[in-house]
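S.K.: Structure incoming, see below.
In the working numbering, the protein residues as written are 800 to 1139.
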């Protein structure tokens, strides 16, 4: 609602926007947005709570602070505030073209993307430490040879953890082209590298601190804190945004905390059925819309009527949708270094 009241207010759009903003508009009735990257009702509340804490701390608290720092607040990717096209600096064989890069523009990494990189590395480091502390015996890190039954249970218990380890590795490999460019031309003393490295170190140490405090002080809530989950929030970012996660957390809270505590018998019988029903209804709705409204007449049905309705167009008239930066440069101007 803040964006609708102030569609051209850049600060409000950056806070509440769901396209280029931080996604503080946490409520949505679009089931597709809620389950875009994670299942909702089958996810335990403790896991969703860790994810929600991660979004609030790293993206809603820490990220806006870091954006105001002169050494880290990089708003765009080109010296002209335009999108970077890798095809301009890559040869036909996929190798890096240094001369084309020097004639094109230096690569500026947006801080939100740097946060994703840092959290991805931190999640792998945290996963390794967490596994050594809590699951070393179950994962086979022991001298004795496990029996057949214990080996079966070990594999079952480690399947979930291994899945996230593989997802984290694939996430990093997915950005390999960009990574090659960054390693080739970026100075290792840039503050952005220190930020990523710091998160990696924190990811490795955090589970050890939690494990020590839990053993010494016997604090109950610490057993529900899971740093691989907290740092793994960036696994689907981008294209996911905090908006997708927070709406998903709210649904998990409603079903797996409120309803489960107050109506356990209803929850036990209908929780998964509700999820399946909503997923199926959403999928069928997409099929109906595509073949009944978009496919016929090449999407021209209601072009000048329902498609022009305020509710279908209002979001396109905001600074968030247009991607207006916090600080704009004048026409024909540039920012950043004069040579690279």
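The C-beta atom is built at its ideal place from N, Cα and C for all residues, glycine as well. Every value quoted in this text rests on a predicted model; they were computed, and no experiment measured them.
1) Any idea what DSSP makes of residue 836, helix, strand or coil?
2) Rounded to whole angstroms, what is the Cα-Cα separation between residue 967 and residue 1056?
3) Go ahead and pull the three-state DSSP assignment for residue 895.
4) Considering only their Cβ atoms, is the gap separating residue 1026 from residue 1003 smaller than 7 Å?
5) Nearest-angstrom Cα distance between residue 856 and residue 814?
6) Under 8 Å, with one C-beta from each stretch per pair, do the stretch 859-867 and the stretch 1022-1037 reach the 3-pair mark?
7) Taking the alpha helix (DSSP H) that residue 813 falls in, what are its first and last residues?
8) Could you check what DSSP says for residue 826 in three-state terms: helix, strand or coil?
9) Does the Cβ-Cβ distance between residue 1124 and residue 821 come in under 7 Å?
10) Could you check whether the stretch 1048-1062 touches the stretch 827-845, counting it as contact only if at least three pairs of C-beta atoms, one from each stretch, sit closer than 8 Å?
11) In the DSSP assignment, the alpha helix (DSSP H) including residue 1064 goes from what residue to what residue?
12) Measuring alpha carbon to alpha carbon, tell me which of 903, 994 and 843 ends up nearest residue 917.
13) My output table needs one value for residue 1058: the three-state DSSP class, helix, strand or coil.
14) Using the C-alpha atoms, what's the distance from residue 843 back to residue 853?
M.R.: Based on what the coordinates show:
1) DSSP places residue 836 in the coil class of the three-state scheme, outside both helix and strand.
2) Caution applies to residue 967, whose pLDDT of 48 falls short of 50 and renders its modelled position unreliable; the value that the coordinates give is listed next. In a straight line, the C-alpha of residue 967 is about 28 Å away from that of residue 1056.
3) Three-state result, residue 895: strand.
4) In this structure, residue 1003 keeps its C-beta atom at 7 Å or more from the C-beta atom of residue 1026.
5) C-alpha of residue 856 to C-alpha of residue 814: approximately 14 Å in a straight line.
6) As far as the Cβ criterion goes, the stretch 859-867 does not touch the stretch 1022-1037, which means the pair count is below three.
7) Start and end: 809-815.
8) Coil.
9) The Cβ atoms of residue 1124 and residue 821 lie no closer than 7 Å to each other.
10) Pairwise C-beta distances place the stretch 1048-1062 in contact with the stretch 827-845, as three or more of them are shorter than 8 Å.
11) Unbroken alpha helix (DSSP H) run through residue 1064: 1063-1088.
12) Considering only alpha carbons, the answer is 994.
13) Correct three-state label for residue 1058: helix.
14) For residue 853 and residue 843, the distance between alpha carbons rounds to 16 Å.
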